[in-house]
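Student:
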Amino acid sequence: MAKQELPTTTGDEITLQFRAGRLLQILYATEVALMIIALQRFMLGTWGQSLIVIGVAVSLISVYLAAKKGKVDLGATILLCVLTLAITFFMWRYEGTKDETLLAFPSILVFAVIIGNRYLFSLLLIFMLANIFMIGYLNDEQIYINELSPTNLDSAVLVCVILMLVGFSIWILSSDLRSVLEKLSRENLRVLRSQKQVKKLLHHDALTNLPNRILARDRFEQALLQSKRDGTLVSIMFVDLDNFKNINDSLGHTVGDNFLVELSKSLVSCLRKSDSVCRLGGDEFLIVLERLKSKQEILQIVEKIIDVIKQPILVDGNFIAVTGSIGVAIAPDDGKDFDSISRKADMAMYRAKDAGKNSFCFYDRQMNIDAQENICLVADLQKAIKEEQLHVVFQPKIDLLSCETVGAEALVRWHHPERGSIPPVEFIPLAESSGLIIELGEWILKESCEQCVKWNDAGLQDIPVAVNVSSLQFKRSNIVEKILMTLEQTGLSGNLLELELTESLLFENSENLVDSLSRLRGAGVHFSIDDFGTGYSNLGYLKNFEISALKIDQSFVRRVLESPQDKAIVTAIIQMANSLNMKTVAEGIETVEVHQLFKQLNCDLGQGYFWAKPMSADEFLHFARKSNFA
Ligand code: C2E
Ligand code: MG
Ligand code: MG
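In our numbering, the protein residues as written are 1053 to 1682.
1. Please give the ranges of any alpha helix (DSSP H) in the segment 1300-1325, keeping only runs that are unbroken, at least 4 residues long and fully inside the region.
2. Across the segment 1097-1106 and the segment 1154-1161, are there enough close Cβ pairs to call them in contact, namely three or more that are closer than 8 Å?
3. Nearest chain D C-beta to ALA1575 closer than 7 Å, yes or no?
4. Which value, in whole angstroms, describes the spacing of the CA atoms of GLN1648 and ILE1437?
5. Identify which residue in LEU1602, ALA1575, LEU1591, LEU1565 has its Cα closest to the Cα of ASP1706.
6. Using DSSP with H/G/I as helix, E/B as strand and the rest coil, what is HIS1674?
7. I need the boundaries of the alpha helix (DSSP H) containing ALA1164, first residue and last residue.
8. Classify LEU1267 as buried or exposed, calling it buried when 16 or more other Cβ atoms lie within 10 Å of its own Cβ.
9. Please tell me whether, using a cut-off of 6 Å, the distance from the CB of ILE1535 to the nearest non-hydrogen atom of ligand 1 is below it.
10. Look at the alpha carbon of GLN1278 and the alpha carbon of GLN1617, and state the distance between them as a whole number of angstroms.
11. Quick check on the DSSP output: the beta strand (DSSP E) that includes GLN1659 runs from which residue to which?
12. Whose C-alpha, out of GLY1511, LYS1121, ALA1460, VAL1340, is nearest the C-alpha of PHE1390?
13. Quickly, what does DSSP pair ASN1520 with across the bridge? List them, please.
14. Nearest to LEU1285 by CA position, among LEU1293, SER1231, LEU1351, is which residue?
15. State the start and end residues of the unbroken alpha helix (DSSP H) segment that holds GLY1408.
16. Does the distance between the C-beta of ASN1520 and the nearest non-hydrogen atom of ligand 2 fall short of 6 Å?
17. At which residue ranges does the segment 1432-1475 contain complete alpha helix (DSSP H) runs of 4 or more residues, listed in the order of the chain?
18. According to DSSP, GLY1333 sits in a beta bridge with which residue or residues?
19. Any heavy atom of ligand 2 closer than 6 Å to the CB of GLU1550?
20. Would you mind working out which of LYS1345, LEU1344, MET1399, VAL1291 sits nearest ASP1359, comparing C-alpha positions?
21. Looking at the strands, I want to know which residues DSSP matches up with LYS1635.
22. Of the residues TYR1080, LYS1435, GLY1107, which one's Cα is nearest the Cα of ALA1090?
23. In terms of alpha-carbon separation, which member of SER1631, LEU1132, GLY1660 lies closest to VAL1644?
24. Given TRP1663, which residues of its chain have a CB within under 7 Å of its CB, disregarding the five upstream and five downstream residues?
25. Taking 7 Å as the cut-off, decide whether the C-beta atoms of GLN1434 and HIS1467 are in contact.
26. Report the residue ranges of all alpha helix (DSSP H) runs contained in full by the segment 1180-1265; include only those spanning at least 4 residues, in chain order.
27. Helix, strand or coil: how does DSSP classify GLY1487 here?
28. Below 8 Å, can you find three or more Cβ-Cβ pairs linking the segment 1473-1490 to the segment 1520-1536?
29. In whole angstroms, what separates the C-alpha of CYS1455 from that of ASN1300?
30. Given SER1545, which residues of its chain have a CB within under 8 Å of its CB, disregarding the five upstream and five downstream residues?
31. Is there contact between the segment 1369-1384 and the segment 1397-1416, where contact requires at least three CB pairs shorter than 8 Å?
32. Please check the pair SER1392 and LEU1344, which I expect to be a contact at CB under 8 Å, by giving their CB distance rounded to whole angstroms.
33. How about the segment 1508-1517 and the segment 1671-1681: do they share at least three Cβ pairs that are nearer than 8 Å?
34. Between which two residues does the beta strand (DSSP E) harbouring ILE1531 extend?
35. What does the alpha-carbon distance come out to for the pair SER1253 and ASP1327?
36. Taking MET1143 as part of the alpha helix (DSSP H), name the residues at either end of that continuous run.
The structure is reproduced here in structure tokens:
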């Protein structure tokens, strides 16, 4: 169980447990031996001896009590001293060094080694030797004569020497045994510690020390059991930071990591102790909330989390602020197991991202239906590429001063046999996530190049075609070879092809990309940046590539008349492009006023419904002829 901790047993405790066990075993063996002796003495008619032995056996009950209380040293001292005294008594009282009880001394010394300590061992050995020596000496001097078979000093010395030898060998044995035991208990301790460490690593994220997915599952399952008992709700929140990659890219991974650690602390401290904030990796967190009474309560918590994520955090001298998108799913309403609830929370998180990020979304059934539809749509798209349900349309690019057509942007269209026309904003992301964009992109490129050659042949010269390229095409395919081959096959000159790239692709600035773009540039191909101004505040990447044009994003163009801020941004983009020798294209011009304004701002080209919507290749030929040769 995840919440259970490993027992924190120390090496000393292990040794103590071992010695206590041994003490009890030796005690039981001794009691049995004493009982046999008492019985035997009783049967021989030596009542006195039998009673003494029984007395010794009874007194040893105190050893049992001491062992049970963990007082091993006390128990061992009582046991060994009582036995030694009893044997000494028998030796003095009866046959001295020839008494059979003397044979028990070596056993007592062995016991002292196992359950006692060195002091007890030494004390007992000295006591035994002194007694034997005294018996021998007193018998020899005839001061005290043993009852049956008098002992003399010679035999006492002999017994002492033998006992010393036995003692010495036991001593050596004991030190070996002790060092092995110590080593063993140290090793045992090390194993226990590393087991604990492994268990922690297995269940926690190494960077933030938060529980990971395995522990999240465990916490969720425990919470669900509890919720079944008390009728409460359990919620999983899937949190994904928006644009966190920018922090890593611009400030470095160490700052990114430190930021995640600080954010984790803020998340943990804004929730109850019973809630679990878990990290799934990267900038993804999963939060398990338990014992919730209503959806209203969940709503308050998710709003609080959105707010906490938004707070700027000081990391390594930088104030960093991010936003987060959160998907929420609730058990038992949305599902009853961890996998389905977390999948649904994930789905809801993507919906929150689509809705413009920095927000949250609760899972609803429609999402599942949408997700299934998307899977079908990918299959349909695959078919569409093969069955040529797709076609390319062209939108003119207009010179703002001369109003002539100076280029065309190729835009793909899909006419689904059942669902009718599906806009590219719907199917291009699906094509990207499924990888189909590579095949699709190659087809669009070939179509566009072929059309451009036909326009040239029809007398429409020097009108380049611009093709949108997804960043995945650069990352996953041998796009440079494909483009060069298409130019060769279609016979289009490289300088009549323009590729519209995304800011995110250039921002990554991989060495591979620099190389790919410079090879294409070598073949005459031009590049423009699509939807410029929406992505990145750091424009350093612009100097690394030879870019011909910036296409100002439609959102600025649309608001340029009403919003002074948007106008200021547009003006700045145009001035910057001019000084970097790049052309500017205003996308989405719909009115004469906007056209006039961009002309005044020195923007070079425009594109939009004001002049023409995207049209077929033939229509484009007519349009361009009319505008250029009118
Ligand atoms: P984009 O590359 O920025 O294309 C411009 C979009 O703005 C086109 O939408 C175009 O029809 C639309 N547009 C042009 N003028 C106006 C106007 O005056 N008003 C308004 N409201 N819209 C205007 P479309 O064709 O729906 O394409 C949308 C996006 O889908 C494109 O944005 C591009 O990112 C992607 N896309 C389209 N075709 C392709 C393609 O062949 N390959 C790739 N990778 N992406 C494509
Ligand atoms: Mg474009
Ligand atoms: Mg655009």
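Backbone N, C-alpha and C define an ideal beta-carbon position, used for all residues, glycine too.
Tutor: Reading it off the structure:
1. 1305-1321
2. Because the criterion of three Cβ pairs below 8 Å is not met, the segment 1097-1106 and the segment 1154-1161 do not touch.
3. The question asks about chain D, but that chain is absent: this structure has only one protein chain.
4. As a first step, residue 1648 must be located in the sequence shown, where it is residue number 596. As a first step, residue 1437 must be located in the sequence shown, where it is residue number 385. GLN1648 and ILE1437: Cα-Cα distance of roughly 41 Å.
5. Given a span of 1053 to 1682 for the chain in the structure shown, any question on residue 1706 remains unanswerable.
6. Indexing the sequence shown from 1 puts residue 1674 at position 622. Residue state, collapsed to three classes: helix.
7. Within the sequence shown, numbered from 1, the residue matching residue 1164 stands at position 112. Taken as a continuous stretch (DSSP letters only), the alpha helix (DSSP H) holding ALA1164 covers 1156-1167.
8. Working through the sequence shown from its first residue, we reach residue 1267 at position 215. With 16 or more other Cβ atoms within 10 Å, it is buried.
9. Numbered from 1 along the sequence shown, position 483 holds the residue referred to as residue 1535. It does not: the Cβ of ILE1535 is nowhere closer than 6 Å to a heavy atom of ligand 1.
10. The residue given as residue 1278 occupies position 226 in the sequence shown. The residue given as residue 1617 occupies position 565 in the sequence shown. Distance from the CA atom of GLN1278 to the CA atom of GLN1617, rounded to whole angstroms, is 54 Å.
11. Within the sequence shown, the letter at position 607 stands for residue 1659. Start and end: 1657-1659.
12. The residue given as residue 1390 occupies position 338 in the sequence shown. Cα-wise, what sits closest to PHE1390 is VAL1340.
13. Taking the first residue of the sequence shown as 1, we reach residue 1520 at position 468. Looking at the DSSP assignment, ASN1520 forms a beta bridge with GLU1552.
14. For the purposes of this step, residue 1285 is taken as residue 233 along the sequence shown, with counting starting at 1. Nearest C-alpha to LEU1285: LEU1351.
15. Within the sequence shown, residue 1408 is the residue found at index 356, counting from 1. No alpha helix (DSSP H) holds GLY1408; DSSP gives it neither H nor E.
16. As a first step, residue 1520 is located in the sequence shown; it is residue number 468 there, counting from the start. Flag set: Cβ of ASN1520 near ligand 2.
17. none
18. In the sequence shown, the residue the question calls residue 1333 occupies position 281. Beta-bridge pairing links GLY1333 to GLU1336.
19. The sequence position of residue 1550 within the sequence shown is 498, counting from 1. Not so, every heavy atom of ligand 2 lies at least 6 Å from the Cβ.
20. The residue you call residue 1359 lines up with position 307 of the sequence shown. Checking every option, the nearest Cα to that of ASP1359 belongs to VAL1291.
21. One-based indexing of the sequence shown puts residue 1635 at position 583. Note: LYS1635 sits in a beta bridge opposite ALA1601.
22. Reading the sequence shown from its first residue, position 38 is the one you call residue 1090. When each option's Cα is compared against that of ALA1090, the closest is GLY1107.
23. Within the sequence shown, residue 1644 is the residue found at index 592, counting from 1. It is GLY1660 whose Cα lies nearest to the Cα of VAL1644.
24. Here residue 1663 refers to the residue found at position 611 when the sequence shown is read from its first residue. So the list reads PRO1448, ILE1450, once near-sequence residues are dropped.
25. Here the question's residue 1434 lines up with position 382 in the sequence shown. Here the question's residue 1467 lines up with position 415 in the sequence shown. Their beta carbons are not under 7 Å apart, which means GLN1434 does not touch HIS1467 by this criterion.
26. Counting only unbroken stretches of 4 or more residues, the alpha helix (DSSP H) elements lying wholly within the segment 1180-1265 are 1205-1255, in sequence order.
27. Walking along the sequence shown from the start, residue 1487 turns up at place 435. Looking at GLY1487 - three-state DSSP - the assignment turns out to be coil, as it is neither helix nor strand.
28. yes
29. Indexing the sequence shown from 1 puts residue 1455 at position 403. Indexing the sequence shown from 1 puts residue 1300 at position 248. Rounded to whole angstroms, CYS1455 to ASN1300 spans 44 Å at the Cα level.
30. Here residue 1545 refers to the residue found at position 493 when the sequence shown is read from its first residue. For SER1545, where only same-chain residues beyond five positions count, the Cβ hits under 8 Å are LEU1539, GLY1576.
31. yes
32. Mapped onto the sequence shown, residue 1392 falls at position 340. Mapped onto the sequence shown, residue 1344 falls at position 292. That pair is no contact at about 18 Å.
33. Output reads yes: the segment 1671-1681 touches the segment 1508-1517.
34. Taking the sequence shown and counting its residues from 1, one reaches residue 1531 at position 479. From DSSP, ILE1531 is part of no beta strand (DSSP E) but of the alpha helix (DSSP H) over 1531-1542.
35. Taking the first residue of the sequence shown as position 1, residue 1253 is located at position 201. Taking the first residue of the sequence shown as position 1, residue 1327 is located at position 275. Here residue 1253 turns out to be Leu, not Ser, going by the sequence shown. Straight-line Cα distance between these residues: approximately 20 Å.
36. Stepping through the sequence shown from its first residue, residue 1143 is reached at position 91. Note, MET1143: alpha helix (DSSP H), 1124-1145.
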